[in-house]
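Residues in the sequence shown are numbered consecutively from -1, following our numbering. C-beta: ideal position from N, C-alpha, C; glycine also.
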Amino acid sequence: MGHRANQWLYWVIIGGLCLPLLLGLLGVLLPSFGIDPALGSSQFSLVHWHELLNQPEFWSGLKLSVFTGLLATLLSYWFASSLVVCTYQTRWFQRLQSTITPILAIPHAAITIGALFVLSPSGWLVRMISPWLTQFDRPPNWLTVQDPEGITLIIALVIKETPYLVFAMAAALSQLQPNKTLLTTRLLGYDPITAWHFTLLPQLFKLVRLPVFMVLAFNLTVVDVATIIGPNTPSTLAVTLLRWFNDPSLSLRGQASAAAMILAFSVAVCIAIWLLSARCCGLLRKRLSLLGQRRSSLRWATLAGMLGALVILSLTILALFVLPLWAFTRRWRFPDNWPSSFTLDNVFRAGQNLIELSTQSFSLGFCCSIISLGLALVLLECERLRPKQKLAVIIVFSAILLPQITLLFGIQVGLLYLDWNGTWWSVLGLHTLYTLPYVYLTLKAPYLAFDQGYLEQANRLRTTPVRNFWQVKLALLKAPIGAALAIGFSVSMAQYLPTLIAGEGRINTLTTEAVARASSGNRKWVSVLALAQAILPLLCFYMATLLPRYWTLWRLTLKRALC
């Protein structure tokens, strides 16, 4: 690619990313201090802050968000690291990686709906032990979902985030030399788990800090998962903010803007607490390592974490397995373990509505992943030429580290001002804003590790740099490009709040419809939506693994047939 054209595109992309970020921050910062042109207010005021601090619902929601977000992230990291430590250098490690890959493709809402059908009082877990153990012939009056403490919300978040952290850790291990390190520590007499804690885990945490912080920011500010399975008396702060922003009376907008700023500040504080705690744990680990013990007591915590991870993976499998059961069941009475009969009528009854939602979701995901891939390639090419330039990294990941609820309502103000709200293009733009970081992160390591010697040799043989870039470099990178496209598609499929804010109810997808119908009580229709939401990304991941393997063969066969 031409250097000048690439640099020009680089700064255009940076400007395009900075604009919505600045617009989003100003759109919530100014109304929180009383400056809101929509209400005809232009005077600086702290009235909204006083109203917010005197609002009991705000404090309870903030406490619940911080508690569930931190605990869910801590458990996810503990379970994921324990699973990697205990299965590495065994045949189960490769099986684990192949098992979690499909789970990563499935959106949060689909897994959460499955978890709701498993953990509810009339769910599959209670059915499995009824009536032979519990003597229940009707669902018990238990508060197993949407409990006020947020325990079920924590379980749902851990179910989705543990596989992601396992994937991130497995990818980061390729940058270390774990086999040599473990061999050396084994020769010194250390227990394998103790060796991991004293040598590899501190290095591994430095490599996966960004994915951990992404998980932490998501858990603190998630809306769709909290709406489906989280508490509602009170709800988490993000769900409360959504209700305040959507209130017909615009008088709550200033209060909601102030709360959104506090939520963003809470994310930064929680990240700082995590870093401080990691430093304290590092000092403790160093002190324990100086004692010379070859079998540390940390191994028991690791074994307990592996047991917790196995329980979480079992719940994940049950949650995914129960979706097709409810989608194709005709009758499933409590306390039967299995449906008494199956039917396709549920899918046929969805009919045209399901086709329209699937088409809308697929078109957004496909276009979003293609655009995100093009933007990521330009940014990575500039980063290859100027490795010390980190501006793109900071801006790209600011979009996912900042709370969605904070940015999107500020962006909504700009969309309303420009009269761009409620269009397919505005939804596509917001999807791209949140998909680009994941595509960039997926493609970064293989792209920067590419041997430029192949491209230089091609340029010597044929002086068409742009054509060589497409036919040589990108052709050799077709496997990671396919993976990046699949991840971009699945991330776009999972976007709930950006679709809701930019689409304003005019652009509906499988995700927005599934979240809206999750509390309707119609399990069959909700399962059909969640199943369709899960199948589309799985098909995309399957194509991403299939096409790179046979692409060259198919291309040459087609070329011979045509020529």
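Rounding to the nearest angstrom, what Cα-Cα distance links residue i and residue j in this structure?
i	j	result
proline 105	aspartate 222	11 Å
valine 124	lysine 388	52 Å
glutamine 175	proline 435	27 Å
glutamine 402	leucine 308	31 Å
leucine 20	threonine 430	16 Å
tyrosine 162	alanine 500	27 Å
tryptophan 47	threonine 404	16 Å
phenylalanine 395	arginine 207	13 Å
glycine 228	tryptophan 523	21 Å
leucine 373	serine 367	10 Å
serine 287	leucine 311	32 Å
leucine 15	phenylalanine 467	25 Å
leucine 560	tyrosine 548	18 Å
aspartate 449	glutamine 469	15 Å
leucine 114	proline 146	15 Å
tyrosine 415	tryptophan 90	55 Å
arginine 458	proline 385	25 Å
threonine 421	leucine 274	44 Å
proline 200	leucine 383	31 Å
valine 391	alanine 481	20 Å
Whose CA, out of the options, lies closest to the CA of residue i?
i	options	result
threonine 219	Lys284, Cys268, Asn52	Cys268
glutamine 173	Gly451, Ala447, Leu537	Ala447
leucine 50	Leu123, Leu239, Leu186, Gln133	Leu239
tryptophan 242	Ala258, Pro229, Thr231, Gly228	Ala258
leucine 488	Gln87, Ser40, Cys365	Sequence check: residue 488 is serine here, not leucine. Looking at the Cα atoms, Cys365 is the closest of the given residues.
leucine 131	Ser287, Leu416, Pro333	Pro333
isoleucine 353	Thr507, Asp343, Leu321	Thr507
leucine 362	Ile98, Ser490, Glu511, Ser40	Ser490
glutamine 531	Ile109, Ala166, Pro119, Trp6	Ile109
alanine 528	Tyr540, Arg515, Phe539	Arg515
phenylalanine 539	Trp122, Thr71, Ala103	Ala103
isoleucine 398	Val470, Ala325, Tyr75, Asn217	Asn217
proline 322	Val411, Val45, Ile533, Tyr75	Ile533
leucine 17	Leu318, Ser39, Trp122, Leu428	Leu428
isoleucine 226	Leu171, Glu511, Leu296	Glu511
alanine 58	Leu205, Leu261, Arg251	According to the sequence provided, residue 58 is serine. The question's alanine does not apply to it. The candidate whose alpha carbon is nearest that of serine 58 is Leu261.
leucine 202	Ala170, Thr182, Pro190, Pro209	Ala170
leucine 400	Pro54, Val464, Phe263, Gly148	Phe263
isoleucine 149	Leu185, Arg93, Leu537, Gly67	Gly67
alanine 542	Asn351, Pro100, Tyr432	Pro100
valine 526	Thr421, Phe326, Ile392, Glu379	Phe326
proline 337	Ile98, Met126, Met304, Phe42	Met126
glycine 486	Trp418, Ser359, Gln410	Ser359
alanine 168	Val82, Ser128, Ile111	Val82
threonine 231	Glu55, Trp418, Arg382	Glu55
threonine 197	Leu377, Asn52, Val116, Ser294	Ser294
proline 137	Gly13, Val320, Leu426, Pro119	Pro119
leucine 7	Arg465, Thr433, Glu381, Ala481	Glu381
Kindly identify the DSSP beta-bridge partner or partners of residue i.
i	result
arginine 329	Ser339
serine 39	Asp34
Just checking my contact of residue i with residue j at CB under 8 Å: how many whole Å lie between their CB atoms?
i	j	result
alanine 215	valine 143	That belief does not hold up - the Cβ atoms of alanine 215 and valine 143 are roughly 24 Å apart, past 8 Å.
leucine 371	leucine 483	6 Å
arginine 328	phenylalanine 340	6 Å
tyrosine 452	leucine 474	7 Å
valine 26	serine 249	With a Cβ gap of about 16 Å, valine 26 and serine 249 do not count as contacting.
glycine 408	glycine 22	4 Å
leucine 73	threonine 85	In fact, because the Cβ distance is near 18 Å, the residues do not count as touching under 8 Å.
proline 546	alanine 477	4 Å
valine 210	tyrosine 75	6 Å
phenylalanine 165	isoleucine 98	6 Å
serine 63	leucine 235	4 Å
proline 496	leucine 355	Between leucine 355 and proline 496 the Cβ distance is about 16 Å, and since that is not below 8 Å, they are no contact.
valine 320	glycine 519	With 8 Å as the limit, valine 320 and glycine 519 do not qualify as a contact, their Cβ atoms being about 16 Å apart.
Should residue i be flagged as near chain D, meaning a C-beta pair shorter than 7 Å?
i	result
serine 396	As a matter of chain content, chain D is missing from the structure shown, which is built from one protein chain.
Query raised in the report: Can you give, in chain order, each stretch of the beta strand (DSSP E) that sits fully within the segment 77 to 126 and has at least 3 residues?
Result: none
Query - Complete beta strand (DSSP E) runs within the segment 378 to 442 (minimum length 3 residues, chain order) - result: none
Query raised in the report: In the segment 251 to 332, which residue ranges form an unbroken alpha helix (DSSP H) of at least 4 residues, counting only runs that do not cross its ends?
Result: 251 to 288, 296 to 325
**Report entry** 4-residue-minimum alpha helix (DSSP H) runs that sit fully inside the segment 190 to 230, ordered along the chain
**Finding:** 190 to 193, 199 to 205, 207 to 219, 222 to 227
Query raised in the report: Whole alpha helix (DSSP H) runs in the segment 43 to 71 with 4 or more residues, listed along the chain?
Result: 45 to 51
Report task. Return the chain-ordered ranges of every alpha helix (DSSP H) run that is complete within the segment 434 to 499 and spans a minimum of 4 residues. Result -> 451 to 459, 463 to 466, 476 to 492
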